[in-house]
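Using this note's numbering, read the sequence shown as starting at 4 and increasing by one per residue.
First comes the structure, then the notes that go with it.
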Amino acid sequence: MSAPMLGFVSVPQAQPEKRSAGDRCGDFDEIYNDFADGEAQEQANRCSQCGVPFCSINCPLGNNIPDWLMLAANDRLEEAYAVSAQTNSFPEICGRICPQDRLCEGNCVIEKGFDSVTIGAIERYITDTAFENGWVKPATPRKESGRSVGIVGAGPAGLAAAERLRATGHEVHVYDRHDRVGGLLIYGIPGFKLEKEIVARRHALLEEQGIRFHLGQGIGSGEGELAFEELRARHDAVLIAVGVYKSRDIGGPGSGLEGIIPALTYLTASNRRSLGDVVTDPLLDASGKDVVVIGGGDTAMDCVRTAIRQGAKSVKCLYRRDKANMPGSAREVKNAEEEGVEFVWLAAPEGFLGEGSVTSVRARRMKLGLPDATGRQSIEPEEDGLFTVKADLVIKALGFDPEPLPEMWKTDDLATSRWGTLVVRHETFETSLPGVFAAGDIVRGASLVVWAIRDGRDAAAQIDQWLEKHASAKAGARMAAE
Ligand code: FAD
Ligand code: SF4
Ligand code: SF4
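In structure tokens form, the structure reads like this:
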């Protein structure tokens, strides 16, 4: 007999058990355990199978959530995985790190009064179970197309596109300046949100599918890098999925002191240690230090929680607005508070003190003013609101902008917006250069993994169509030359 669904009237919402703060602060492992036996099925059964599923409408991938919840509730997990994998290239990753409270779960209709269905955790459970049972297979093509695509960037946008393009039969080469596959999934996002083996497992599957990775191979005009024009000559089409990596900076007196570092430098070093690499620079280790992180987004949350795990003496997060106006996910703020992070709301840094190395941050108390045109409250400095916070490590987590690609790649005709992101034709993902496409953060600006996957998949479909129309002549000439 099939599960009746509508279980939300009698079964309360439950997430998989969260490890205690004391336990999880001692390592970089994920903080959620797996669902207990039968619990995922019971939780999936809470879905009311809405005729108009707002969960799906608010999932950037348009995942067919009610269908895979119904299948999971009936313990038909292999089918649930098949449905889930139709729209999502990496469901186990989204299930772990999507800000569900702002997307699918935040729009679940039973949330009003009953607490939402735990969609993310169930998506993770379905895919983890599929991996354990060998149901996840590489999407190898039925026949080769004879066409070749070069992808710059092995982050979620590049990988999602690579997977789709290879499945269609194209030869796919992915170039990345890093030595590992995953982009920010591997060197940005810490293991306590997404364990590294989860990314490595996907990498292995993509290799098995026949995608060729060229790691440690930057594209650009620097030493050892491959020139962009050479890349274009090698392939029938090119996808640029390089993300955004220029850290926003903070000025003011003392901003050049030692011990003030960008968030991604800090997180990359920590992730490298978790992966077994040797990182010796003591500046990149919070152990025994008073740490101040500046910023209120998810990157700031990752830094404070990393510093706690490294054994910092104290960890404070300075944010210029209040908790209600923080851009970071509410769930991550709660996790950070549980782990011992102290938040200093309505505090904006004005300078740094110290001789040679930083010893404290000078900050000013702020107050919220009237809402602006977008409804967001403005902030104003408090008179006489200056105060000092002790710090021997300051981490700047103020966001990211694109690197100046046309300048770095010597491609003046690659059009960019005034923010430096690549301009693409909305429907086709094609840049100002014919046969060159772009997707992910480099087009959107700093965004989310789930959007990068969506863009990568959509761009792949457009590249496939473009190759159908344009690439025959080029592919023929290349094959003749080989
Ligand atoms: P990236 O993931 O940045 O990948 C780009 C790749 O291109 C990199 O591997 C880079 O090495 C490579 N590359 C760049 N330039 C070159 C070049 N010239 N030659 C060769 N290779 C190059 N999103 C969420 O949804 N949930 C989260 O919890 C979350 N946490 C985050 C935490 C941090 C610390 C950060 C920084 C971001 C977080 N994000 C999160 C955002 C998310 O990681 C990004 O939106 C997403 O990774 C963008 O994917 P992408 O493929 O466009 O770029
Ligand atoms: Fe929710 Fe993200 Fe999964 Fe979509 S991909 S269902 S937004 S967790
Ligand atoms: Fe189920 Fe909630 Fe989606 Fe409705 S909105 S289909 S209850 S998960």
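Heads up, the beta-carbon is just placed ideally off N, CA and C, and yes, glycines get one too.
For clarity, every value in this text was computed on a predicted model and none was experimentally measured.
Beta-carbon spacing of residue i, residue j below 8 angstroms
{"i": "Val-397", "j": "Val-364", "result": "yes"}
{"i": "Ile-129", "j": "Leu-80", "result": "yes"}
{"i": "Gln-220", "j": "Arg-180", "result": "yes"}
{"i": "Leu-349", "j": "Arg-368", "result": "yes"}
{"i": "Ile-243", "j": "Ile-297", "result": "no"}
{"i": "Gln-44", "j": "Ala-17", "result": "no"}
{"i": "Pro-19", "j": "Ala-163", "result": "no"}
{"i": "Arg-308", "j": "Phe-432", "result": "no"}
{"i": "Lys-399", "j": "Pro-265", "result": "yes"}
{"i": "Ile-445", "j": "Gly-246", "result": "yes"}
{"i": "Arg-460", "j": "Ser-92", "result": "yes"}
{"i": "Val-139", "j": "Ala-157", "result": "no"}
{"i": "Ala-442", "j": "Ala-160", "result": "yes"}
{"i": "Gly-65", "j": "Thr-90", "result": "yes"}
{"i": "Ile-68", "j": "Ile-122", "result": "yes"}
{"i": "Gly-153", "j": "Leu-234", "result": "yes"}
{"i": "Phe-403", "j": "Ser-258", "result": "no"}
{"i": "Thr-434", "j": "Val-426", "result": "yes"}
{"i": "Gly-423", "j": "Pro-437", "result": "no"}
Separation of residue j from residue i, as counted between CA atoms
{"i": "Arg-99", "j": "Ala-455", "result": "15 angstroms"}
{"i": "Lys-316", "j": "Asp-280", "result": "24 angstroms"}
{"i": "Ala-236", "j": "Ala-133", "result": "40 angstroms"}
{"i": "His-238", "j": "Leu-470", "result": "11 angstroms"}
{"i": "Pro-193", "j": "Lys-472", "result": "42 angstroms"}
{"i": "Phe-346", "j": "Gly-172", "result": "51 angstroms"}
{"i": "Glu-210", "j": "Ala-240", "result": "20 angstroms"}
{"i": "Tyr-84", "j": "Cys-111", "result": "21 angstroms"}
{"i": "Gly-300", "j": "Leu-321", "result": "11 angstroms"}
{"i": "Val-282", "j": "Phe-11", "result": "49 angstroms"}
{"i": "Asp-458", "j": "Leu-389", "result": "45 angstroms"}
{"i": "Ser-290", "j": "Met-329", "result": "27 angstroms"}
{"i": "Glu-228", "j": "Asp-387", "result": "52 angstroms"}
{"i": "Ser-332", "j": "Met-304", "result": "9 angstroms"}
{"i": "Phe-31", "j": "Asn-274", "result": "9 angstroms"}
{"i": "Cys-53", "j": "Leu-267", "result": "41 angstroms"}
{"i": "Asp-375", "j": "Ala-327", "result": "16 angstroms"}
{"i": "Ala-13", "j": "Phe-117", "result": "A quick correction: the sequence has Ser, not Ala, at residue 13. Cα to Cα, Ser-13 sits roughly 10 angstroms from Phe-117."}
{"i": "Pro-384", "j": "Thr-419", "result": "35 angstroms"}
{"i": "Glu-95", "j": "Glu-358", "result": "47 angstroms"}
{"i": "Ile-263", "j": "Leu-287", "result": "10 angstroms"}
{"i": "Cys-62", "j": "Asp-395", "result": "41 angstroms"}
{"i": "Arg-324", "j": "Leu-371", "result": "7 angstroms"}
{"i": "Thr-362", "j": "Arg-312", "result": "22 angstroms"}
Per-residue DSSP class, three states only, for residue i
{"i": "Ala-39", "result": "coil"}
{"i": "Lys-140", "result": "coil"}
{"i": "Val-397", "result": "strand"}
{"i": "Pro-409", "result": "helix"}
{"i": "Thr-362", "result": "coil"}
{"i": "Asp-404", "result": "strand"}
{"i": "Arg-447", "result": "helix"}
{"i": "His-473", "result": "helix"}
{"i": "Gly-11", "result": "With the sequence shown as reference, residue 11 is identified as Phe, and Gly is not the correct amino acid for it. The answer is helix: DSSP assigns Phe-11 an H, G or I state."}
{"i": "Lys-316", "result": "coil"}
{"i": "Lys-146", "result": "coil"}
{"i": "Arg-368", "result": "strand"}
{"i": "Leu-389", "result": "strand"}
{"i": "Gln-52", "result": "coil"}
{"i": "Glu-430", "result": "coil"}
{"i": "Ile-311", "result": "helix"}
{"i": "Ile-113", "result": "coil"}
{"i": "Thr-419", "result": "strand"}
{"i": "Glu-353", "result": "strand"}
{"i": "Ala-157", "result": "coil"}
{"i": "Ser-381", "result": "strand"}
{"i": "Pro-94", "result": "helix"}
{"i": "Phe-134", "result": "helix"}
{"i": "Ile-297", "result": "strand"}
{"i": "Ala-24", "result": "helix"}
{"i": "Phe-57", "result": "helix"}
{"i": "Glu-108", "result": "helix"}
CB contact below 8 angstroms: residue i versus chain C
{"i": "Gly-219", "result": "The structure shown has no chain C; it contains just one protein chain."}
Q. Could you give the uninterrupted runs of the beta strand (DSSP E) lying entirely in the region 186-254, keeping only those of 3 residues or more?
A. 215-218 and 240-243
(Q) Using only Cβ atoms and a threshold of 6 angstroms, which residues come within that distance of a heavy atom of ligand 2? Order them by chain position. (A) Cys-62, Leu-64, Asn-66, Ile-68, Asn-91, Cys-97, Gly-98, Cys-101, Gln-103, Leu-106, Cys-107, Ile-122, Gly-123, Glu-126 and Val-453
Q) For the region 318-351, which segments carrying the beta strand (DSSP E) assignment without a break, of at least 3 residues, lie completely within its bounds, in sequence order? A) 345-347
Q) Fully enclosed by the region 257-293, which alpha helix (DSSP H) runs are 4 residues long or longer? A) 266-277
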